[in-house]
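Residues 204 to 463, numbered by my numbering, are exactly what the sequence shown covers, in order.
Every residue, glycine too, gets a C-beta built ideally from N, C-alpha and C.
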Amino acid sequence: MQRASRHRCDDVTAATADEREMSATRSVQQEPEIPRLIHRDADIVVLDKPSGLATLADRSGAPNLWDALPDLLGCKPYLVHRLDKGTSGVMVVALNPATQATLTRAFNARQVRKFYLARVVGLPSPPGRSLLIDLPLRPGRKSRFRVAGQRADILRLAAGWHLSQYDGSGHESRTRLRTLATTPDERTSLVLLEPISGRTHQLRVHLSWIGHPILGDMLYGQPGSPLQSASRLELHCHRLVVPRFGSFSAQLPGHWPSCS
C-alpha cells in the first residue's frame, strides 16, 4: 500500500522522538495489541489504538498501525491524524479521499474536540476543578519540545498556569485540565485533558513543566523516579467529537490501576 507522501514537520519530529523513546524503553515494551474497532461506516473507521503501536512506520522496523490497516479493513485507508506510539485511544481513519480532505480541514481548523485521560504524578488541582495551562511551546534539544520560557517564570494562579515573562519565541499552546480522582496519599492522580491547540507532545510537555509528568513518560518524566517505572505511557485519547460525524469514545485500558 502506498503511504502518504506528505507530512507536517511536527509529524516528522514526533516520529523521531518516538524512535528515541522506543530505544529508551525497549526492555519494558511488550508486543503491541491489535486495534479494537469502535465504529465503521462508508466514510470512516474509528479505532481504539493500543499503547506501544506506532501510527506510521519508523526506522525500528517494528509493527505499525498503517501497515496493518489494509488487511484489517480490507481496503485502502487514508491518513487524517496520528497518535504518539505510547498513547492509546480513539483514532479516526478516512476510507476515501473526499472524507480525508474534510476531516483534515476539521483537524487543522481545531474543530475536532479531543479529550484525553492521563495518570500523573501528584495532585495538579483539587478534584473537580478545571484549570488552564497556557504555556507556549517551541522545539527543544534531541527532537523534544519545551515551554518557550524558563521554569522559574511559570506562575500558578487561581485560573491555572502561565508565563510571567515571554519573548514571543514559541507557539500558542493551551490545555484545559481537570482532576477526576487522586490516590489517598495524593502521589498520583487521574486527570482529564483537553488540548485547545494541537502542538506535538503538548500534553506531555505541559504536564511535565507544571511539575506533574504523565506516568511512564520516558521523554518528559522525572528520570529515576519510581513513579515513572510504568512500562507504558499512561495517556489515553478517551473521546473525539468530530463535526458531522459524531462523538466516539474508548474505555480506559485494562492495565490502568484505579486511583481510589
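Endpoints, alpha helix (DSSP H) assigned at Val-408: On the sequence shown, residue 408 is found 205 positions in, with the first residue counted as 1. From DSSP, the alpha helix (DSSP H) with Val-408 extends over 405-412.
7 Å CB neighbourhood of Trp-412 in its chain, flanking five on each side removed: Here residue 412 is taken as the residue at index 209 of the sequence shown, counted from 1. Taken in chain order, the residues that qualify are Leu-338, Val-350, Arg-354 and Ile-357.
C-alpha gap between Leu-275 and Gly-325, whole angstroms: Reading the sequence shown from its first residue, position 72 is the one you call residue 275. Reading the sequence shown from its first residue, position 122 is the one you call residue 325. Cα to Cα, Leu-275 sits roughly 40 Å from Gly-325.
Per-residue DSSP class, three states only, for Ala-355: Looking up residue 355 in the sequence shown gives position 152. Three-state result, Ala-355: helix.
Three CB pairs or more closer than 8 Å across the region 285-298 and the region 247-255: Yes: at least three Cβ pairs fall under 8 Å.
Pairwise C-alpha distance: Gly-449 and His-284: For the purposes of this step, residue 284 is taken as the residue at position 81 of the sequence shown. For the purposes of this step, residue 449 is taken as the residue at position 246 of the sequence shown. Note on geometry: alpha-carbon atoms of His-284 and Gly-449 lie some 16 Å from one another.
Burial state of Met-225 (16 or more Cβ within 10 Å): What you label residue 225 is simply residue 22 of the sequence shown in a count that begins at 1. Because the pLDDT of Met-225 is 46, which lies under 50, any placement of that residue in the model is unreliable, and the number read from its coordinates should be weighed accordingly. Buried is the call here.
Distance between Pro-387 and Tyr-281 (C-alpha atoms, nearest Å): Along the sequence shown, one-based indexing puts residue 281 at 78. Along the sequence shown, one-based indexing puts residue 387 at 184. A straight-line Cα-Cα distance of about 45 Å links Tyr-281 and Pro-387.
Gln-314 versus His-404 - alpha carbon distance: Working through the sequence shown from its first residue, we reach residue 314 at position 111. Working through the sequence shown from its first residue, we reach residue 404 at position 201. Whole-angstrom Cα-Cα distance: 19 Å.
Arg-229 to Ser-400 span [Cα, whole Å]: Residue numbering aside, residue 229 sits at position 26 when the sequence shown is read from its first letter. Residue numbering aside, residue 400 sits at position 197 when the sequence shown is read from its first letter. Summary for Arg-229: the model assigns pLDDT 44, below 50, so the residue's position carries little reliability; its value from the coordinates is reported in the next sentence. Straight-line measurement puts the Cα of Ser-400 at about 31 Å from the Cα of Arg-229.
Beta-carbon spacing of Tyr-319, His-441 below 8 Å: Taking the sequence shown and counting its residues from 1, the one referred to as residue 319 is at position 116. Taking the sequence shown and counting its residues from 1, the one referred to as residue 441 is at position 238. Contact: yes.
Simplified DSSP state of Leu-320, which is helix, strand or coil: For the purposes of this step, residue 320 is taken as residue 117 along the sequence shown, with counting starting at 1. In the three-state reduction of the DSSP assignment, Leu-320 falls in the strand class.
Residues of its chain near Thr-385, where Cβ-Cβ distance is below 8 Å and the 5 sequence neighbours each way are ignored: Against the sequence shown, residue 385 aligns to sequence position 182. Cβ neighbours of Thr-385 beyond the five flanking positions: Leu-326, Pro-330, Thr-391, Ser-392, Leu-393 and Cys-462.
C-alpha distance - Leu-396 paired with Leu-380, whole-angstrom precision: Locating residue 396 in the sequence shown gives position 193, where the first residue counts as 1. Locating residue 380 in the sequence shown gives position 177, where the first residue counts as 1. Taking the straight line joining both Cα atoms gives about 5 Å.
Ala-257 and Ala-265 closer than 8 Å at C-beta: Counted from its first residue, the sequence shown places residue 257 at position 54. Counted from its first residue, the sequence shown places residue 265 at position 62. Judged by beta-carbon spacing, Ala-265 lies within the 8 Å limit of Ala-257, meaning their Cβ atoms are closer than that value.
Beta-carbon gap between Ile-417 and Leu-383 smaller than 8 Å: For the purposes of this step, residue 417 is identified with residue 214 of the sequence shown, where counting begins at 1. For the purposes of this step, residue 383 is identified with residue 180 of the sequence shown, where counting begins at 1. No.
CB of Gly-343 within 8 Å of CB of Leu-366, strictly: Counted from its first residue, the sequence shown places residue 343 at position 140. Counted from its first residue, the sequence shown places residue 366 at position 163. Against a cut-off of 8 Å, the Cβ pair of Leu-366 and Gly-343 comes out as no contact.
Limits of the unbroken beta strand (DSSP E) element including Arg-464: In the structure displayed, the chain extends from 204 to 463; residue 464 sits before or after that span and is not available.
Candidates Asp-261, Thr-290 and Glu-375, of which the one nearest Trp-459 by Cα: Position 256 of the sequence shown, counting from 1, holds the residue named residue 459. Minimum Cα distance to Trp-459 is reached at Thr-290.
Close Cβ partners of Asp-420 (< 6 Å) along its chain, the five nearest in sequence each way excluded: The residue labelled residue 420 in the question sits at position 217 within the sequence shown. Only Arg-407 and Leu-436 meet the Cβ criterion.
Complete beta strand (DSSP E) runs within the region 243-277 (minimum length 3 residues, chain order): Under the rule that a run must span 3 or more residues, the beta strand (DSSP E) segments found entirely inside the region 243-277 read 247-252.
Secondary structure of Val-296, DSSP reduced to three states: Sequence index remark: in the sequence shown, residue 296 carries index 93 (1-based). In this structure, DSSP gives Val-296 an extended state, which the three-state scheme calls strand.
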